[in-house]
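Throughout the sequence shown, residue numbering follows mature numbering (1 follows the signal peptide of the UniProt record, and there is no 0), covering -17 to -1, 1 to 136 in sequence.
For reference, the structure is listed below as structure tokens.
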Amino acid sequence: MKFTLAAASTFITAALAATLPKSFTLVADGGNTVLTDNTNAIVDASQANTLEILRLKSEDGKTITFTQQALPPTSWQNLYAIAGKSEPLGLTTPHSAAIPDGAVLNGWGITDDGYLTFNGQNNFGLSEDKHQIYFLGEDATVPKVTLWVKELK
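Structure representation (structure tokens):
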């Protein structure tokens, strides 16, 4: 078997594509950037001027953090989902070690084509009333949505 530069390049590219970038935002179906009320992830273009863009960081490729613009860097919040349940994605309270019951902080990932996953599943939904993003841990009537990871440089 001959190992070529092209083969090495393909392998390296595939390995890098499966890792969350250090800094990114999420873009939902329809091109809407994901916003936050500092508690949940929200897709609602009508609130784009009043809510903050959900600018995220991942140092280890498994956990995701968010820091509100007006707060110091030490007040980060962890993004979490509740495994096995259809619940809104949430952000922990700044300066708090409190984690909601059943919350998983380190199950985040990315598909080879750039979509967010939780515990290996690209299974998210969008509520119709508040436009909150849900992880669909069980069968749900919530409309599905995909979340593209847009790297910030």
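Each residue gets a CB set at the ideal place from its N, CA and C atoms; glycine is no exception.
Contact set for residue i: own chain, Cβ-Cβ below 8 Å, skip 5 residues either direction
i    : result
T76  : Q60
Y63  : L72, G73, L74, T75, I82, P83, A86, V87 and L88
T22  : G73 and L74
V128 : A11, D12, V26, F107, G108, L109 and I116
L39  : S6, F7, T8, L9, I47, T48, F49 and L62
P56  : T50
Alpha carbon of residue i to alpha carbon of residue j, nearest angstrom
i           : j    : result
A(-11)      : I116 : With a pLDDT of 47 at A(-11), under the threshold of 50, the modelled position of that residue is not reliable, and the figure given next carries that caveat. About 39 Å.
I47         : L37  : 11 Å
D27         : L9   : 13 Å
residue 157 : W91  : In the structure displayed, the chain extends from -17 to 136; residue 157 sits before or after that span and is not available.
N102        : A53  : 31 Å
N32         : F118 : 25 Å
P126        : A80  : 32 Å
Close-in-space but distant-in-sequence residues of the same chain around residue i (CB under 6 Å, 5 per side omitted)
i    : result
L135 : S6 and F7
L3   : S41, G44 and I93
N15  : V26 and A28
Contacts around residue i, its chain only, beta-carbon distance under 7 Å, and the 5 residues preceding and following it disregarded
i    : result
G120 : I65, A66, G67, K68 and S69
H78  : S58
A1   : I93 and D95
Spatially closest choice to residue i from the options, by CA coordinates
i   : options                : result
I30 : F107, V17, D96 and A53 : Sequence check: residue 30 is Gln here, not Ile. Comparing Cα-Cα distances from Q30 to each of F107, V17, D96 and A53, the minimum goes to V17.
L34 : K40, V26, A53 and T19  : T19
D96 : V26, T57, I36 and W131 : W131
First and last residue of the uninterrupted beta strand (DSSP E) at residue i
i   : result
A31 : No beta strand (DSSP E) contains A31, which DSSP labels as neither H nor E.
P71 : S69 to P71
Beta-ladder partner(s) of residue i, from DSSP
i    : result
N105 : DSSP output for N105 lists no bridge partner at all.
G92  : T100
S6   : K40
K127 : G108
Proximity test, residue i beta-carbon vs the ligand MG heavy atom, cut-off 6 Å
i   : result
R38 : With respect to the ligand MG, the structure offers nothing, as it holds no ligand at all.
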